[in-house]
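*Asks:* In the order they appear, the protein sequences are chains A and B.
Residue numbering for the first sequence follows full-length UniProt numbering, beginning at 1 and increasing consecutively.
Residue numbering for the second sequence follows full-length UniProt numbering, beginning at 1 and increasing consecutively.
All C-beta atoms, glycine included, are put in the ideal place defined by N, C-alpha and C.
Bear in mind the structure is a predicted one, so any value in this text is a computation, not a measurement.
This is the structure I have questions about; it appears just below.
Number of protein chains: 2
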Amino acid sequence: MTSQPSPRRGRGRRPAAEVREGVLRAAAGLLLAEGVKAVTFDRVAAAAGSSKVTLYKWWPSAGALAAEAYFTHSEQRLEFPDTGDLRADLTAQMRAFVRLLTEDRTGPVIAGLIGVAQTDPELSAAFSRHYSGPRRALALATFEKARARGELRDDLDLRILVDQLWGACYHRLLIPDEPLTEEFAVALVDNALDGALARRPGDPDEAPAA
Amino acid sequence: MTSQPSPRRGRGRRPAAEVREGVLRAAAGLLLAEGVKAVTFDRVAAAAGSSKVTLYKWWPSAGALAAEAYFTHSEQRLEFPDTGDLRADLTAQMRAFVRLLTEDRTGPVIAGLIGVAQTDPELSAAFSRHYSGPRRALALATFEKARARGELRDDLDLRILVDQLWGACYHRLLIPDEPLTEEFAVALVDNALDGALARRPGDPDEAPAA
DNA sequence: AGTCATATGAACTCGCTGTCCATATAAAGG
DNA sequence: CCTTTATATGGACAGCGAGTTCATATGACT
């Protein structure tokens with residue numbers, strides 16, 4: 001009788017894990033359905049059937065709660081293909097990333113989280129720790145391997161390469177002056193690998209501008 | 001007494017231009033002093049000594065008001081050096097951009113505006129129209145000229161080059177996993193122009209991956 | 001001067017924030 | 001099994017901002 005987990009569970013203390021789980025589930029629901037702005041302490045508490053006070057105890061800001069809810073419930077695969085052909089692997093990776101960012105729900109959610117992060121340090125930290133950080137590290141590791149294989153220049157700052165590629169995609173996501181497409185992803189990789197210069201730098205005589 | 005333009009100007013209609021000017025000035029003050037979050041209709045109206053109703057009539061959202069205030073009062077120079085040496089010009093431009101983004105006030109303000117824009121379509125449109133759009137067009141024009149001079153590859157999508165360069169800077173501004181420095185700007189330009197590959201593509205025979 | 005357009009203050013509803021209680025109950029200890 | 005302690009709960013609260021409505025005062029135009 002008393003061990004039944006549900007029927008009239010209303011008032012007093014409930015196990016912390018159970019409460020947290022319910023709150024995160026409710027927050028994720030609101031986040032995916034209505035966007036970041038809908039994730040307020042008030043609405044999450046109401047949707048989860050919990051008390052606002054409980055939420056304030058565990059999460060420093062609504063943004064941090066939204067971030068944790070998203071990262072918890074979206075189990076993204078963090079994998080890089082590594083076939084030994086950097087251009088092919090990178091192209092596949094960037095296409096997948098663009099596909100993720102242009103999905104109906106995912107794109108706006110990620111953009112919204114980054115947006116709120118600009119005025120919510122807690123969310124910013126959570127985003128770096130759970131999302132952008134690991135991905136950056138993974139990309140870097142892939143580049144290290146490619147460089148060890150001799151595919152990349154030795155004098156390159158690989159971190160900058162990450163900004164050139166992922167940053168370009170985020171740029172089109174966050175400041176949508178140009179469309180974010182898979183063709184963009186493909187051309188982006190080529191640009192980054194081959195460079196923009198017309199004169200191939202292999203030539204000893206740099207053609208003078210005349 | 002009654003013709004004095006200021007002392008007891010309280011009640012009735014005032015010239016639209018004068019009101020708008022005061023509102024924008026107040027909004028810019030709040031924006032620079034306390035950030036985007038401080039630019040609310042309530043506070044701007046109070047600071048400008050105007051009525052909230054007036055603000056609602058002219059600006060669709062607090063974000064749009066903040067954007068207009070910023071663009072109006074920050075008269076940025078929209079110039080590109082064009083000495084005929086693309087690498088030097090671009091390096092100068094990116095250094096200046098990074099310097100702008102890392103200024104005490106400007107950086108957070110721009111980041112905040114982009115952040116709010118993720119959930120404020122009006123602000124997003126204003127940002128594109130007044131800020132990112134013109135800058136993108138200017139950069140593109142510079143690249144066109146460089147390409148006409150033969151400095152850039154003919155098959156290049158120049159718009160992507162813009163994303164690689166400016167997008168990388170915005171990336172470090174908005175998702176601060178790595179520092180945004182002038183050294184970064186310099187290396188970024190080199191990366192974009194020279195490419196990341198170790199094999200110089202100048203060779204007529206493209207080395208097959210085997 | 002008279003008329004019209006409109007900026008104004010005040011008041012209002014609503015939602016969200018952040019914090020205060022007293023209470024009910026789960027978990028731990030005897 | 002009973003007691004104690006920790007804590008989740010509902011309710012209430014003040015404060016702020018969004019967004020609207022109203023009557024009024026006054027600049028601008030005829």
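Counting only C-beta atoms, is R159(A) closer than 8 Å to chain B at any point?
*Replies:* Yes, because at least one Cβ of chain B sits closer than 8 Å to the Cβ of R159(A).
*Asks:* T72(A) to E21(A), Cα distance in whole Å?
*Replies:* Cα-Cα distance, rounded: 10 Å.
*Asks:* Taking the alpha helix (DSSP H) that Y70(A) belongs to, which residues open and close that run?
*Replies:* Taken as a continuous stretch (DSSP letters only), the alpha helix (DSSP H) holding Y70(A) covers 62-73.
*Asks:* Does any C-beta atom of chain B lie closer than 8 Å to the C-beta of V116(A)?
*Replies:* So yes, V116(A) belongs to the interface.
*Asks:* Along the chain, where does the alpha helix (DSSP H) containing T106(A) start, and where does it finish?
*Replies:* Start and end: 106-117.
*Asks:* I want to know whether the region 100-115 of chain B touches the region 34-54 of chain B - three or more CB-CB distances under 8 Å.
*Replies:* Taking 8 Å as the limit for Cβ pairs, the verdict is that the region 34-54 of chain B does touch the region 100-115 of chain B.
*Asks:* How many angstroms separate the CA atom of G150(B) from the CA atom of D157(B)?
*Replies:* Cα to Cα, the separation comes out at about 15 Å.
*Asks:* Would you say H73(A) lies against chain B (beta-carbon separation less than 8 Å)?
*Replies:* So, not an interface residue.
*Asks:* Between which two residues does the alpha helix (DSSP H) containing Y91(A) stretch?
*Replies:* Note that residue 91(A) is Thr in the sequence shown here, rather than Tyr. Note, T91(A): alpha helix (DSSP H), 86-101.
*Asks:* Could you check where the alpha helix (DSSP H) with W58(B) kicks off and where it finishes?
*Replies:* Segment 52-58, the alpha helix (DSSP H) holding W58(B).
*Asks:* Looking at the strands, I want to know which residues DSSP matches up with L30(B).
*Replies:* Partner(s): none; L30(B) has no beta bridge.
*Asks:* To the nearest angstrom, how far is the alpha carbon of A27(A) from that of A46(B)?
*Replies:* Answer to the nearest angstrom: the Cα atoms are 35 Å apart.
*Asks:* Here's a check: name, in chain order, each residue in its chain whose Cβ is nearer than 8 Å to the Cβ of V162(A), leaving out the five neighbours to either side.
*Replies:* Contacts found: R136, A139, L140, F143.
*Asks:* Around the Cβ of P121(A), are there at least 16 other Cβ atoms within 10 angstroms (buried) or fewer (exposed)?
*Replies:* With fewer than 16 other Cβ atoms within 10 Å, it is exposed.
*Asks:* Could you compute how far the alpha carbon of Q76(B) sits from the alpha carbon of V116(B)?
*Replies:* Distance between the alpha carbons of Q76(B) and V116(B) is about 21 Å.
*Asks:* Leaving out the 5 sequence neighbours to the left and right, which residues in its chain are closer than 8 Å to I175(A) when beta-carbon positions are compared?
*Replies:* Around I175(A): no qualifying Cβ.
*Asks:* Leaving aside the five residues before and after T83(A) along the sequence, list all residues of the same chain whose C-beta is less than 7 Å from its C-beta, in chain order.
*Replies:* The answer, listed in chain order, is D89.
*Asks:* Quick one: list the residues of chain A neighbouring L128(B), beta-carbon separation under 8 Å, in chain order.
*Replies:* In the sequence as displayed, the identity of residue 128(B) is Ser instead of Leu. Near S128(B) (Cβ distances below 8 Å), the residues of chain A are I175, P176, D177.
*Asks:* Using beta carbons (cut-off 8 Å, strictly below), is A192(B) in contact with chain A?
*Replies:* So, interface residue.
*Asks:* Return the bridge partner residues of L152(B) from the DSSP annotation.
*Replies:* Its beta-bridge partners are L197(A).
*Asks:* Looking at the C-beta of V39(B), does it have a partner C-beta in chain A at a distance below 8 Å?
*Replies:* It does not; no Cβ of chain A falls within 8 Å.
*Asks:* Against Q76(B), what residues of chain A qualify as contacts under a CB-to-CB distance less than 9 Å, listed in chain order?
*Replies:* Result: empty, since nearest Cβ-Cβ is about 16 Å, beyond 9 Å.
*Asks:* Give the range of the alpha helix (DSSP H) segment to which E79(B) is assigned.
*Replies:* Looking at the DSSP string, E79(B) is not in any alpha helix (DSSP H), and its letter there is neither H nor E.
*Asks:* Can you tell which of Y70(B), Q118(B), A67(B), A96(B) has the C-alpha that lies nearest to the C-alpha of P81(B)?
*Replies:* Of the candidates Y70(B), Q118(B), A67(B), A96(B), the one whose C-alpha sits nearest the C-alpha of P81(B) is A96(B).
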